[in-house]
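Some notes on the structure that comes next.
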Amino acid sequence: MITILLFANLCEDVGSDRLVILEKQEMTVQQVKEWLKVSYCLQSLDRVMVAVNEEFVTNEEMIHAGDIVAFIPPVSGG
Numbered sequence: 001m002i003t004i005l006l007f008a009n010l011c012e013d014v015g016s017d018r019l020v021i022l023e024k025q026e027m028t029v030q031q032v033k034e035w036l037k038v039s040y041c042l043q044s045l046d047r048v049m050v051a052v053n054e055e056f057v058t059n060e061e062m063i064h065a066g067d068i069v070a071f072i073p074p075v076s077g078g
């Protein structure tokens with residue numbers, strides 16, 4: 001099981017702040033992004049920061065069962 005945490009507009013677009021992938025035991029960050037695009041029609045994932053177990057990673061990083069993956073979109077403010 002891979003747990004996905006969503007923040008800001010991603011959370012709003014999906015309707016939840018947490019998702020779980022049960023089908024796969026191992027995938028790359030890029031594969032998780034593709035899964036989100038197909039499963040939830042999320043298209044704006046190119047500029048999101050991704051952290052696995054609280055460490056920022058690249059799209060090539062391997063995610064394993066039990067990992068927690070956070071998708072954090074760009075934030076602006078003033």
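Residue numbers (our numbering): 1 to 78.
C-beta atoms are modelled at their ideal positions from N, C-alpha and C, and glycine is treated no differently.
Have a look at the options and flag the residue whose alpha-carbon is nearest the alpha-carbon of residue i.
i	options	result
Leu36	Thr3, Gly66 and Glu55	Thr3
Asn59	Ala65, Phe71 and Leu5	Phe71
Val14	Leu42, Glu55, Val75 and His64	Leu42
Glu23	Arg47, Asp46, Gly66 and Pro74	Gly66
Ile68	Val75, Arg18, Leu10 and Glu12	Arg18
Pro74	Val32, Glu34, Asp46 and Glu55	Asp46
Leu10	Gln25, Ile63 and Val48	Val48
Leu6	Gln25, Glu26, Ser44 and Met27	Ser44
Met1	Met27, Glu12 and Ala8	Met27
Among all the DSSP beta bridges, which residues are the ones paired with residue i?
i	result
Ala70	Leu5 and Ala51
Grab me the residues of residue i's own chain with a C-beta within less than 8 Å of its C-beta, minus the 5 sequence neighbours each way, in chain order.
i	result
Val57	Val29, Val50 and Ala51
Met62	Glu26, Met27 and Thr28
Excluding the 5 residues flanking residue i on each side, which residues of the same chain have their C-beta closer than 6 Å to its C-beta?
i	result
His64	Glu26
Report the start-end ranges of each beta strand (DSSP E) in the segment 10-66 that is 3 residues or longer and not cut off at the edges. Qualifying beta strand (DSSP E) stretches, in chain order: 18-21, 26-28, 49-52 and 62-64.
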